[in-house]
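In the numbering used here, the protein residues as written are 4 to 95. Report on one structure; see the data block that follows.
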């Protein structure tokens with residue numbers, strides 16, 4: 004049986020009137036979905052903090068980098084780049 008290819012779906016979610024009114028900041032976050040781990044992670048984007056890691060059962064399974072622009076690079080624990088699908092959602 005062939006091993007399923009690792010794939011991450013990344014959604015940039017921005018906006019939200021209620022959150023903006025409550026916090027005074029325009030909310031923006033990345034939502035990661037993994038087909039390998041069947042898990043979803045949500046990471047807020049604050050200021051220049053655009054790098055991080057994703058854990059599964061206490062172990063780091065992915066590292067990500069979201070530089071300026073519309074792309075996100077994701078790497079597995081061994082440092083291999085993972086295929087990424089990027090979407091953007093604007094919320095009111």
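No residue lacks a Cβ here, since even glycine has one placed at the ideal position from N, Cα and C. Computed from a prediction, not measured in an experiment: that's the story for all the values here.
(request) Rounded to whole angstroms, what's the CA-CA distance from residue 35 to residue 45? Just pull it up for me. (result) Rounded to the nearest angstrom, the two C-alpha atoms are 6 Å apart.
(request) Please report the residue range of the beta strand (DSSP E) in which residue 31 lies. (result) Element bounds for residue 31: 31-37.
(request) Look at the alpha carbon of residue 5 and the alpha carbon of residue 38, and state the distance between them as a whole number of angstroms. (result) In this predicted model, residue 5 has a pLDDT of only 45, less than 50, meaning its place in the structure is not dependable enough to derive any value.
(request) Pull up the distance between the alpha-carbon of residue 90 and that of residue 67, whole angstroms please. (result) Going from the Cα of residue 90 to the Cα of residue 67 covers about 16 Å.
(message) DSSP three-state label for residue 21, please.
(response) Of the three classes helix, strand and coil, the one that applies to residue 21 here is helix, per DSSP.
(request) Give a yes or no on whether the C-beta atoms belonging to residue 31 and residue 48 are separated by under 8 Å. (result) In contact: residue 31 and residue 48 (Cβ atoms closer than 8 Å).
(message) Can you find the residues in the same chain that come closer than 7 Å, C-beta to C-beta, to residue 53, ignoring five residues on each side of it along the sequence?
(response) Setting aside the 5 residues that flank it on each side, residue 53 is surrounded in the same chain by 68, 69 and 70, each with a C-beta closer than 7 Å to its C-beta; the list follows chain order.
(request) Would you give the residue range spanned by the beta strand (DSSP E) that residue 57 belongs to? (result) First-last of the beta strand (DSSP E) with residue 57: 54-59.
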